[in-house]
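Residue numbers for the sequence shown follow my numbering, so the first one is -1 and each next one is one higher. Structure record follows, encoded as C-alpha cells.
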Amino acid sequence: MSAPPSPTPKPSTSRPAKTADTPARSSSPGGSGGSGGSGGSSGGGAPTYRTTGASSVERAVIGLTNDERATAGCGPLRTDERLMAAAERHSADMAANGYFSHTSQNGDTPWDRMEAAGYSSPGAENIAKGYGSAEAVVRGWMDSPGHRRNILNCDLRAIGVGMVDGPDGKLWTQNFGWK
C-alpha cells in the first residue's frame, strides 16, 4: 500500500544562495523538447518528453489554479512551454529515480531546471505525490500554507505543470515564473 497523498513539507519559494557545498548543475542538455534534459533520469532508459502541449490533467491543474487566483483577486497565469518542460522533466526524474524533493539527485534546484529549459525568470515550485486527480492535488496545495502562498502570489505571471505516473502513484510539479 502506498503512502497517503502529500505536497512537500515546504514549497520552494526563493532561490537559495550558491555555496561551496552546493553541487554544480548537470551539464546535460536542456531545452523544451526531445529526450533527456537537466532533470532526466540517470537510471536505465532515458524517458522521453512531449515537445508541445499539455495533457488534459495538466490543463485542468492550470485551470483550477487560475480559478483559485481569480477568487483571490489575482490575474490568470499564462501557460509557458518552457516551464511545462521543466515541470514534466522533474516529475519524470522523481518517478524514475525514486525520490521526492525540490532538489534533483544531481543537485539541480527548481531555478536551475527552469533556466535549463530556457526560462529566464523562475519564481517558485510546488510538488506533490499520490494525488489521483487535478482537483485533489490543487486542493492539497491550497490546504498547505506555503503552497497556497505560491499559487496566490499575484506577482507571478506564468505556469507550467508536469504530472507523471510513478510506481507509487502520480508525481506532480507546478512551476511558476515572474514574466
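Glycine included, each C-beta is placed from N, C-alpha and C at the ideal position.
Thinking just about the alpha-carbon of each residue, which of the options is nearest to the one in residue i?
i	options	result
Met161	Ile149, Ala93, Arg80, Gly71	Ala93
Ser102	Tyr117, Ala85, Glu56	Ala85
Arg76	Thr69, Lys168, Asp153	Asp153
Leu169	Arg80, Gly121, Ala70, His100	His100
Asp91	Asp78, Gly105, Cys72	Gly105
Ser118	Gly73, Arg57, Trp176, Ala126	Trp176
Gln229	Ala70, Tyr97, Gly96, Glu79	Since the first residue shown for the chain is -1 and the last is 177, residue 229 is missing from the structure and cannot be characterised.
Trp109	Asn124, Arg57, Gly71, Tyr97	Asn124
Gly130	Pro143, Asp163, Glu113, Gly96	Asp163
Using DSSP with H/G/I as helix, E/B as strand and the rest coil, what is residue i?
i	result
Asn151	coil
Thr107	coil
Ala114	helix
Pro74	coil
Asp91	helix
Gly96	coil
Buried or exposed for residue i, going by 16 or more other Cβ atoms inside 10 Å?
i	result
Arg67	buried
Gly138	buried
Glu133	exposed
Phe174	buried
Determine the extent of the beta strand (DSSP E) in which residue i is found, giving its start and end residues.
i	result
Thr171	167 to 175
Asp163	156 to 164
Could you spell out where the alpha helix (DSSP H) holding residue i opens and where it closes?
i	result
Asp65	54 to 69
Gly130	Unbroken run through Gly130: none, as it is neither H nor E.
- Stretch pair the stretch 59 to 77 + the stretch 139 to 158: three plus CB contacts closer than 8 Å: Note that the stretch 59 to 77 touches the stretch 139 to 158; at least 3 beta-carbon pairs, one per stretch, sit closer than 8 Å.
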